[in-house]
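If you use my numbering, the sequence shown corresponds to residues 1236 to 1475, in order. The C-beta atom is built at its ideal place from N, Cα and C for all residues, glycine as well.
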Amino acid sequence: MYDVSPPINFSGIQISIIRLRTHRLWENGLNLSSFRIPPRTLPRPFTNRVDILYQNLGNWSTFYYNVPDHTFVTSVVGFSAYDSNATPFRNGLIELNLRGDDPITVSFQNLSLGWNADMRCVRFSTNGTVEFTNLTLLGTCVARGQGHFSVVVPRKGGEHKKVFRWWILGFVGGFVGLGLVVWGGFFVGKVCQWKKVSKMERESEKSESLEALWIRNSKMPLASAIRTQPSLESNCNCVP
């Protein structure tokens, strides 16, 4: 195994690389820091030699990786396999094919918070997917492929955010509902007032036959313009 010194501006990251023959990987597997690759493992596509690159991101873990609503309780560690015969003009990244039943194990012995039931293993695979698995009582994660690994716990603030979000939605919904109730009451009041006026007009038309005169949208009663005709009294004594 060879330790690689990162640039000064990436201090805190540990990088190691080991080269081994494929038949050795098949027969013995590999113990690499916190990783254990079981026997009966082959590179895919096949190559005679394999380079295994190990990384411990340390305090750079949250810079490169993030899990929504979760907090890292360990640094992110990972490994990836490369074809030893790859040239600078060809990407030598390869996969590891586990032919046996034993998985790859990642051991996190020094958990900062101690083991608890809320802890989950998280795996960031080389194709960009994120996979959650259970953490064993011994602080070990298991996987069937390479990638980067860590242990996370749910972020308590995430629950508060959900409650706050529902509170905002409830407040807005209640405000809109109150506005609809007020508008509905105003509309019903107008309808009742219109019905009351219509009823009064009908009663007025029944009790007195008056002509009506419409002025714009208002209906006004109108009496007939008939004057009483004059008449002579019959018991008048006239003197010539």
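{"Item": "Residue 1265 (DSSP reduced to helix, strand or coil)", "Value": "strand"}
{"Item": "Cut-off 7 Å between Cβ atoms - residues of its own chain near residue 1313, not counting five sequence neighbours on either side", "Value": "1290, 1382, 1383, 1384"}
{"Item": "Alpha-carbon spacing of residue 1292 relative to residue 1258, whole angstroms", "Value": "30 Å"}
{"Item": "Proximity to residue 1359 [Cα-Cα], best of 1262, 1369, 1373, 1311", "Value": "1311"}
{"Item": "The segment 1259-1267 contacting the segment 1294-1310, beta-carbon criterion three pairs below 8 Å", "Value": "no"}
{"Item": "Cα-Cα separation between residue 1261 and residue 1342, rounded to whole angstroms", "Value": "21 Å"}
{"Item": "Where residue 1296 falls: helix, strand or coil (DSSP)", "Value": "helix"}
{"Item": "Where the beta strand (DSSP E) through residue 1382 begins and ends", "Value": "1382-1389"}
{"Item": "DSSP-derived helix/strand/coil call for residue 1476", "Value": "Outside the displayed span of the chain (1236 to 1475) sits residue 1476, for which this structure offers no information."}
{"Item": "First and last residue of the uninterrupted beta strand (DSSP E) at residue 1271", "Value": "1270-1272"}
{"Item": "Proximity below 8 Å, CB of residue 1288 to CB of residue 1329", "Value": "no"}
{"Item": "Close-in-space but distant-in-sequence residues of the same chain around residue 1238 (CB under 8 Å, 5 per side omitted)", "Value": "1249, 1250, 1251"}
{"Item": "7 Å CB neighbourhood of residue 1247 in its chain, flanking five on each side removed", "Value": "1293, 1294, 1295"}
{"Item": "Exposure label - residue 1241; buried when at least 16 CB within 10 Å", "Value": "exposed"}
{"Item": "Residue 1245 (DSSP reduced to helix, strand or coil)", "Value": "helix"}
{"Item": "Expected contact under 8 Å - CB spacing of residue 1388 and residue 1353 to nearest Å", "Value": "5 Å"}
{"Item": "Length of the line joining the Cα atoms of residue 1255 and residue 1349", "Value": "35 Å"}
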